[in-house]
Each structure stands twice: as C-alpha cells, then as structure tokens.
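Position one of the sequence shown corresponds to residue 263 (my numbering), numbered consecutively onward. Backbone N, C-alpha and C define an ideal beta-carbon position, used for all residues, glycine too.
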Amino acid sequence: MTEYKNLEPSSDSKHNKEFSKNIIIAVLAVCLLLAVCYIVYTEEAYSKNSTEMQGNINDLERSREILKQELRIVRADFDEAKSKVTKKDAILDNQDELILKKQKEIQSILIKEGITSNELQQAKRLIISLQTDINYYKEEITRLKNENLILTNKNTELTTENTSLSDQKKVVESNLNQEKKNKQSLLDETNSTLSVSNYTIKGLIVRSSGREVETDKARRIDKVRVTFDLDKNLNAISDKKELYVTIYKPNGDIGKFKGANSGEITLRSGVKVNYSDRVGVNYNNMSGTRVSFDWVDYEFPKGEYKIDIYQNGYKVGQNVITLR
Numbered sequence: 263m264t265e266y267k268n269l270e271p272s273s274d275s276k277h278n279k280e281f282s283k284n285i286i287i288a289v290l291a292v293c294l295l296l297a298v299c300y301i302v303y304t305e306e307a308y309s310k311n312s313t314e315m316q317g318n319i320n321d322l323e324r325s326r327e328i329l330k331q332e333l334r335i336v337r338a339d340f341d342e343a344k345s346k347v348t349k350k351d352a353i354l355d356n357q358d359e360l361i362l363k364k365q366k367e368i369q370s371i372l373i374k375e376g377i378t379s380n381e382l383q384q385a386k387r388l389i390i391s392l393q394t395d396i397n398y399y400k401e402e403i404t405r406l407k408n409e410n411l412i413l414t415n416k417n418t419e420l421t422t423e424n425t426s427l428s429d430q431k432k433v434v435e436s437n438l439n440q441e442k443k444n445k446q447s448l449l450d451e452t453n454s455t456l457s458v459s460n461y462t463i464k465g466l467i468v469r470s471s472g473r474e475v476e477t478d479k480a481r482r483i484d485k486v487r488v489t490f491d492l493d494k495n496l497n498a499i500s501d502k503k504e505l506y507v508t509i510y511k512p513n514g515d516i517g518k519f520k521g522a523n524s525g526e527i528t529l530r531s532g533v534k535v536n537y538s539d540r541v542g543v544n545y546n547n548m549s550g551t552r553v554s555f556d557w558v559d560y561e562f563p564k565g566e567y568k569i570d571i572y573q574n575g576y577k578v579g580q581n582v583i584t585l586r
C-alpha cells in the first residue's frame, strides 16, 4: 500500500504565526497609546503655559496700574507744594525742572505696550526717587518762607526803631500789601506828632503893682512860667491840640496847678504817666504856635523842678529849673 505525507501545516508553525501577529498588534496598540498620551500631555502643557503667560500679563498690568496711581499721588503732592510758592530762587528752579523731567521719564515707561517686569522695577525706583526730590523741594519752600519772614520782621523793626512803641510788635501778616498800608498809617500818625523848641522855665516874683520880676530864689518866688513853641508841622492838622504837662517837685511828687485838670495818660509805649494839667492849644501847622502858662503853688521848696510835656502819646519836651 502506498503511504502519503501529511500536507497540512503543523500545529507549532500555526502557533508561531499567531504569536507574531499578536506581538505586532500589541506593539501597535502601545505606540497608539503613547501617541495619545503625548498629545494629551502636549495640550495640557500648552494650556498651562498659556494660563501662566496670561497670569503674568495680568500681574504686569496690575503692577502698571498701581504705579500709575502712585505717580498720580506724587504729582498731586508736588502740585500742592508748588501752589504755596510765592517766590523762587535758583535752587527751586533747578529742582522744579528735575522733578518735571523725572515725571515725564516715569510716564514714558508706564505707557509702553508690552511692559516688562524690569521696566516696572525701574519705574518704581524712579517714583521713590521722585518722592525724595519733592520732599527736598518742600523743605526748600519752608526755608525760603522762614528767610522771608525774618527779612519782613527786620523791615518792621527798621521802620519803627525811631519810636518808643515797644508794645506794638506785630506779627507780619501773609498779605504784604495790607501790612504796608498799616505801616504807612502808623508812620503818618507818628509824623503828625508835634515838636517843641525854645523851651524856657522862669521863676517869677509878682510885685504889688503887678510887675513880674524873674528870680531863682525859692523863698521869694510866686509862680513858675513855662514857655515854648510848637513848631510847624505840615503832617499835622491845624486844630485844637491837647498837651499834657507833668511837673515834678524836688521830692519827686507831682505838682498841681491852681485849678488844674490833672489825671493819667497812657503813652504809645504802654507806660502810664500822671500829669499835672491838661492844656488846650489852637495849633497852626503852617506857622506853629507859641504856648505859655504859669504854675502857681503855695510854696516852692529849694531844689530841681522837672517839667515834661506830652502830646499824641509821646514826650515832646522836657526842661528843668533849679531854685536856690
């Protein structure tokens, strides 16, 4: 009987083919899975980077707005300081120019598109420097004001140094024009004060006939005659003037006229003075006026008699007579 060989593939060969096929499919599946994972990772990374970039942009914009607000505050501080300046010097002029230049530099940085973190840091440093410059500017303003106040006070003292107005030290007002008017008014009033010349004091004996004889013997004297001229003064007004006369006896007591109107006055300096009599005089400012009056007392002790004359709050005359 003839034998035939089996033409069908063996089970081992078939199994190897299936295994290879499965390996290829597995490899392809792994590659596909890795590709999918890579795509997902890439998209997530891109999304994260985009979010971070947007966050950085938002942070930069917020920082820009904060710096803009700080710049507005510093500008307002500078504008307020400038409004208080009444007079500038070279230092203030230079500082003013420097501050304006620095403001423009900061503004040019803050309006840039796509501003960077380094530029924001630069703007921040410039704003801090600008505030320091403005503080120095304000200190210079204060210095100038103090110097101006000192000069004004000195001017006031020079204007009033020839008067005895020790109680009228005035604070310089901010309105200089009004202060000048006040000074001029005071000067006019002071210039209207009368002056005395040809001032004489005589002791007199009155004879029974009425004739008067001059003497310096205290025991024989009947009265003292005071005579002087009120000089012409075109700054004064021609009208009735009141003179206050104080007579000091040798013992320092205030002498009294017979029928005199005595009292007390306050001088421009604030000092209070007792007077012996008040004398009314019709004064002519063009020619001046001669004044004469007598002081009659019961007795005239020996010694020095001092007679002071006051007008318009000032002592305008003083003389003495010595009786033996």
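Counting along the chain, ARG487 sits inside the beta strand (DSSP E) bounded by residues 485–492. A residue is called buried when at least 16 other Cβ atoms come within 10 angstroms of its Cβ; ILE368 meets this threshold and is buried. For ILE368, the secondary structure class from DSSP, reduced to helix, strand or coil, is helix.
A distance below 8 Å separates the beta carbons of LYS445 and THR421. According to DSSP, residue pairing for TYR572 in a beta bridge involves TYR506 and LYS577. In its chain, beyond the 5 residues on either side, LEU466 and VAL468 have a beta carbon closer than 6 Å to the beta carbon of GLU474.
For GLU375, no alpha helix (DSSP H) segment is defined, and its DSSP state is neither H nor E. Sequence-distant Cβ neighbours of SER500 in its own chain, meaning closer than 8 Å and more than five residues away, are TYR545, ASN546, ASN547 and MET548. In this structure the stretch 443–463 touches the stretch 568–579; the number of beta carbon pairs closer than 8 Å is three or more. For ASP395, the uninterrupted alpha helix (DSSP H) run begins and ends at 379–422, by DSSP.
Between GLU359 and ALA352, the alpha-carbon positions lie close to 11 Å from each other. Distance between LEU372 and LEU392, taken at the CA atoms: about 15 Å. Per the coordinates, the alpha-carbon of SER447 lies some 17 Å from the alpha-carbon of ASN495. Taking a C-beta distance under 8 Å as the contact criterion, ARG530 and GLU504 do not qualify as a contact pair. Inclusion of LYS502 and GLY542 in the CB contact set at 8 Å is warranted, their separation being smaller than that value.
With respect to the C-alpha of THR452, the residue from SER470, LYS464 and ASN497 having the closest C-alpha is ASN497.
One Cα belongs to GLU381, the other to ILE412, and the distance between them is close to 47 Å. Its chain contains ILE353, LEU354 and GLN357 as the residues whose beta carbon lies nearer than 7 Å to that of GLU402, once the 5 sequence neighbours on both sides are disregarded; these appear in chain order.
Measuring C-alpha to C-alpha distances from ASN439 to each of VAL336, THR462, GLU423 and THR414 identifies THR414 as the nearest.
By the beta-carbon neighbour count (other beta carbons within 10 angstroms, threshold 16), TYR572 is buried.
Of all alpha-carbon atoms in LYS407, ILE377 and GLN365, the one lying nearest the alpha-carbon of ILE389 is that of GLN365. Nearest neighbour of ASP450 by Cα position, chosen from CYS293, ASN574 and VAL289, turns out to be ASN574. Under the criterion of beta carbons closer than 8 Å, THR489 and SER554 qualify as touching, at roughly 4 Å. In the displayed model, GLU323 falls within a helix according to three-state DSSP.
Following the DSSP letters along the chain, one finds THR452 inside the alpha helix (DSSP H) bounded by residues 438–453. ILE569 and ILE463 do touch by the CB rule: their CB atoms are close to 6 Å apart, below 8 Å.
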